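S.K.:
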Amino acid sequence: MKLYKLLILDIDGTLRDEVYGIPESAKHAIRLCQKNHCSVVICTGRSMGTIQDDVLSLGVDGYIAGGGNYIQYHGELLYNQSFNQRLIKEVVCLLKKREVAFSIESQEKVFMNQKAKEIFETMNQLKGTNSCINKQHIQEKITYENNIEEYKSQDIHKICLWSNEKVFDEVKNILQDKMELAQRDISSQYYEIIQKDFHKGKAIKRLQERLGVTQKETICFGDGQNDVVMFQASDVTIAMKNSHQQLKDIATSICEDIFDNGIYKELKRRNII
18 MKLYKLLILD IDGTLRDEVY GIPESAKHAI RLCQKNHCSV VICTGRSMGT IQDDVLSLGV
78 DGYIAGGGNY IQYHGELLYN QSFNQRLIKE VVCLLKKREV AFSIESQEKV FMNQKAKEIF
138 ETMNQLKGTN SCINKQHIQE KITYENNIEE YKSQDIHKIC LWSNEKVFDE VKNILQDKME
198 LAQRDISSQY YEIIQKDFHK GKAIKRLQER LGVTQKETIC FGDGQNDVVM FQASDVTIAM
258 KNSHQQLKDI ATSICEDIFD NGIYKELKRR NII
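Numbering (this note's numbering) for the sequence shown: 18 to 290.
Rendered as structure tokens:
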């Protein structure tokens, strides 16, 4: 049996279903990993202020948040990087002029305009369209409101916009080598922009170095396009059954869906728990 020292878990679509929440089997698996001296770290595109309460109550060892700009381990803040404020204000000014949907994120709050608010609300409604259960889990910690004017000089680590490529290129011209794309969806013209070299994969590398853990001692689970770099920093990489095809193509293996107890079953198959 190979011993792993670090288990990395994405949240949405991996550890947690946006309607049903977290399965008991996954909670049990986390406790067993920790009992076996394997640290469990959440790695998410969410900022700390938008991580759901049921995730925060799991008692994991650490968090990589904001897509990689924020690292916390055993209550100690290791990294918290943000964009240059002057550049962010320039980007916000541009996007207001172009009248496109956009949001910007600090660790505590998401600032968005009216068009982005409407998109987020539609997305949230679609999550529970076919559900006949109590909707308690679907409620986000993000407040959907046209609150972009509340942004003053808070530290920002992520920009999301829905626009044509011309507007994206204008943003890229402002940020230049200070940015990279975490995700892009051509069909919805969605761009998710983070700081250069502060993605999930780099954050895992930084944490590994800090803990004295190697890539060979790291296992991770994910489902999204932004988990590709996370997989590149780990030895065994598990894609959920519902994963983005790009992730499935590079995964070590594919496990069952969240509520088919995918995380628990895969860790059990590999004798990690």
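Ideal Cβ positions, reconstructed from N, Cα and C, are used throughout, including at glycine. Computed from a predicted model, the values in this text were never measured in an experiment.
Within its chain, find whatever has a CB closer than 8 Å to the CB of Lys158; leave out the 5 residues flanking it on each side and keep chain order.
M.R.: The count along the sequence shown starts at 1 and reaches residue 158 at position 141. So the list reads Gly66, Thr67, Ile68, Gln69, Asp70, once near-sequence residues are dropped.
S.K.: Here's a check: name, in chain order, each residue in its chain whose Cβ is nearer than 6 Å to the Cβ of Asn97, leaving out the five neighbours to either side.
M.R.: Taking the sequence shown and counting its residues from 1, the one referred to as residue 97 is at position 80. Tyr87.
S.K.: Tell me whether the beta-carbon of Gln225 lies closer than 8 Å to the beta-carbon of Gln242.
M.R.: To locate residue 225, count along the sequence shown from 1; it is residue 208. To locate residue 242, count along the sequence shown from 1; it is residue 225. Contact: no.
S.K.: Is the beta carbon of Ser260 less than 8 Å from the beta carbon of Ile236?
M.R.: Residue 260 sits at position 243 when you count from the first residue of the sequence shown. Residue 236 sits at position 219 when you count from the first residue of the sequence shown. No, the Cβ-Cβ distance between Ser260 and Ile236 is not below 8 Å.
S.K.: How many Å lie between Met247 and Arg63 at the Cα?
M.R.: Indexing the sequence shown from 1 puts residue 247 at position 230. Indexing the sequence shown from 1 puts residue 63 at position 46. So the two alpha carbons sit approximately 15 Å from each other.
S.K.: Do Trp179 and Tyr161 come within 8 Å of each other at the CB atom, strictly closer than that value?
M.R.: As a first step, residue 161 must be located in the sequence shown, where it is residue number 144. As a first step, residue 179 must be located in the sequence shown, where it is residue number 162. Not a contact, by the Cβ cut-off of 8 Å.
S.K.: Measuring alpha carbon to alpha carbon, tell me which residue in Asn278, Val253, Ser205 is nearest Ile25.
M.R.: For this step, residue 25 is matched to residue 8 along the sequence shown. Ranking Asn278, Val253, Ser205 by Cα distance to Ile25 puts Val253 first.
S.K.: Please report how far the alpha carbon of Glu197 lies from the alpha carbon of Glu41, in whole angstroms.
M.R.: One-based indexing of the sequence shown puts residue 197 at position 180. One-based indexing of the sequence shown puts residue 41 at position 24. Their Cα atoms are separated by approximately 36 Å.
S.K.: Given a threshold of 16 other Cβ atoms within 10 Å of its Cβ, counted over all protein chains shown, does Asp202 qualify as buried or as exposed?
M.R.: As a position in the sequence shown, residue 202 is number 185, starting the count at 1. The residue is exposed, with fewer than 16 neighbouring Cβ atoms inside 10 Å.
S.K.: Count the other CB atoms, across all protein chains shown, that sit within 10 Å of the CB of Ile267; report buried if there are 16 or more and exposed otherwise.
M.R.: For the purposes of this step, residue 267 is taken as the residue at position 250 of the sequence shown. With fewer than 16 Cβ atoms within 10 Å of its Cβ, Ile267 is classed as exposed.
S.K.: Express the C-alpha separation of Ile280 and Gln142 in angstroms, rounding to a whole number.
M.R.: Within the sequence shown, residue 142 is the residue found at index 125, counting from 1. Within the sequence shown, residue 280 is the residue found at index 263, counting from 1. One C-alpha to the other measures close to 27 Å.
S.K.: Leaving out five residues before and five after Asp194 in sequence, what residues of the same chain have Cβ atoms less than 8 Å from its Cβ?
M.R.: Within the sequence shown, the letter at position 177 stands for residue 194. So the qualifying residues of the chain are Lys213.
S.K.: Specify, as a first and last residue, the run of the alpha helix (DSSP H) that Ala250 falls within.
M.R.: Counting from 1 along the sequence shown, the entry for residue 250 is found at position 233. Note, Ala250: premise wrong, no alpha helix (DSSP H); not H, not E.
S.K.: Apart from the five residues on each side of it in sequence, which residues of its chain come closer than 8 Å, Cβ to Cβ, to Leu104?
M.R.: Here residue 104 is taken as the residue at index 87 of the sequence shown, counted from 1. Here the set comprises Ile191, Leu192, Lys195.
S.K.: Which residue marks the beginning of the alpha helix (DSSP H) containing Lys175, and which one marks its end?
M.R.: For the purposes of this step, residue 175 is identified with residue 158 of the sequence shown, where counting begins at 1. Not the alpha helix (DSSP H): Lys175 falls in the beta strand (DSSP E), residues 175 to 179.
S.K.: Out of Leu32, Val127, Tyr21, Lys22, which has the shortest C-alpha to C-alpha gap to Glu273?
M.R.: As a working note, residue 273 is residue 256 in the sequence shown. Checking every option, the nearest Cα to that of Glu273 belongs to Leu32.
S.K.: Alpha helix (DSSP H) containing Phe185: first to last residue?
M.R.: Residue mapping note: residue 185 aligns to position 168 of the sequence shown, counting from 1. Per DSSP, Phe185 belongs to the alpha helix (DSSP H) from 182 to 192.
S.K.: Roughly how many angstroms lie between the CA atoms of Asp172 and Ile221, to the nearest whole one?
M.R.: Numbered from its first residue, the sequence shown carries residue 172 at position 155. Numbered from its first residue, the sequence shown carries residue 221 at position 204. Whole-angstrom Cα-Cα distance: 22 Å.
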